[in-house]
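Notes follow once the structure below has been shown.
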Amino acid sequence: MAGQMLAKIERGVRLESPGEITPEYREHLVHLMTMQADSELAGGYGYVPWIAKAPTVEEKHVVAQIVKDELRHAAVMYGLLGDLGFDVAGHVRRYGEIFTMRIEAGADIGTRRITSDKRVNIFYYPIDTWADFVFFNFCMDRGAGHQLEDVRGCSWGPWARASRGSSRRRSSTSATASTGWSGWPRTRRPTTRRRRRSANGTCER
44 MAGQMLAKIE RGVRLESPGE ITPEYREHLV HLMTMQADSE LAGGYGYVPW
94 IAKAPTVEEK HVVAQIVKDE LRHAAVMYGL LGDLGFDVAG HVRRYGEIFT
144 MRIEAGADIG TRRITSDKRV NIFYYPIDTW ADFVFFNFCM DRGAGHQLED
194 VRGCSWGPWA RASRGSSRRR SSTSATASTG WSGWPRTRRP TTRRRRRSAN
244 GTCER
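In our numbering, the protein residues as written are 44 to 248.
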């Protein structure tokens with residue numbers, strides 16, 4: 044089977060069913076997809092408090108849309124894992140509370156895993172201020188865009204197709220978020236203007 048699988052990959056033919064892949068391929072595929080699924084879910088949980096904390100109604104709406112998209116992406120990824128025979132319900136039940144766990148902002152864990160879920164380490168860190176939320180979401184969204192671009196060229200067809208849909212939704216959400224954030228300078232509220240300038244690294248003049 045391994046020889047046939049590699050021959051398909053070398054010809055640029057995508058693999059479409061569990062029967063086409065070796066146990067080793069499946070092991071690595073499940074690991075990578077679980078990292079993305081867990082990161083989407085844990086990331087969405089971390090954004091939830093900012094629906095209430097966002098400064099304006101418009102910004103609350105943007106945050107809610109971001110949370111919705113993160114959980115939608117997680118559902119898609121867990122669906123792909125389920126198609127491979129992965130116990131999604133058991134996994135989410137096992138780590139349900141762990142996904143909400145955050146470490147101290149100043150902690151340096153490097154690449155060390157501190158729990159057994161598979162989220163990337165940045166999602167262990169808290170989001171303490173509105174400026175943190177804006178920059179965290181901006182950087183992570185663009186980082187995820189690069190990752191999805193890589194996945195679009197992968198040999199597992201279901202994941203490659205799902206990544207194209209996720210890329211389109213992220214582009215739409217990024218545009219909405221950019222519009223929401225750029226609305227700050229137009230406000231007449233001094234506190235919000237200061238948040239806007241602080242979040243963009245500028246200062247009061």
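Note that beta-carbon positions come from the ideal geometry of N, C-alpha and C, so glycine has one too.
With the cut-off set at 8 Å, would you say L58 and W173 are in Cβ contact? no
Distance cut-off 7 Å: W93 Cβ against heavy atoms of the ligand COA: Here there are no bound small molecules, and the ligand COA is not part of this structure.
Out of G149, K161, S159 and D184, state which residue places its alpha-carbon closest to the alpha-carbon of Y168. By alpha-carbon distance to Y168, the top candidate from G149, K161, S159 and D184 is G149.
CB I170 to CB G89, shorter than 8 Å? yes
Sequence-distant residues of its chain with Cβ nearer than 6 Å to S215 (five each side left out): No answer about S215 holds up, because its pLDDT of 49 lies below 50 and its placement is not dependable.
So what does L58 bridge to, in DSSP terms? W199
Could you give the residue range of the alpha helix (DSSP H) that holds L49? A45 to E53
Apart from the five residues just before and just after M44, which ones in its own chain have a Cβ nearer than 7 Å to its Cβ? T65
In three-state DSSP terms, what is P169? coil
Where does the unbroken alpha helix (DSSP H) through L123 begin, and where does it stop? V100 to D126
What is the DSSP secondary structure of S206, reduced to helix, strand or coil? Residue state for S206 is assigned as helix, using DSSP reduced to three classes.
Tell me whether the beta-carbon of D112 lies closer than 8 Å to the beta-carbon of K161. no
With DSSP run on the structure shown, which of helix, strand or coil describes S159? S159 falls in the coil class under three-state DSSP.
Looking only at C-alpha atoms, which of Q79, E63, R136 and V100 sits nearest to V163? Q79
Do V73 and L124 have their C-beta atoms within less than 8 Å of each other? yes
Below 8 Å CB to CB, which residues in the same chain sit around G86 once its five sequence neighbours on both sides are set aside? E113, R162, F166 and M183
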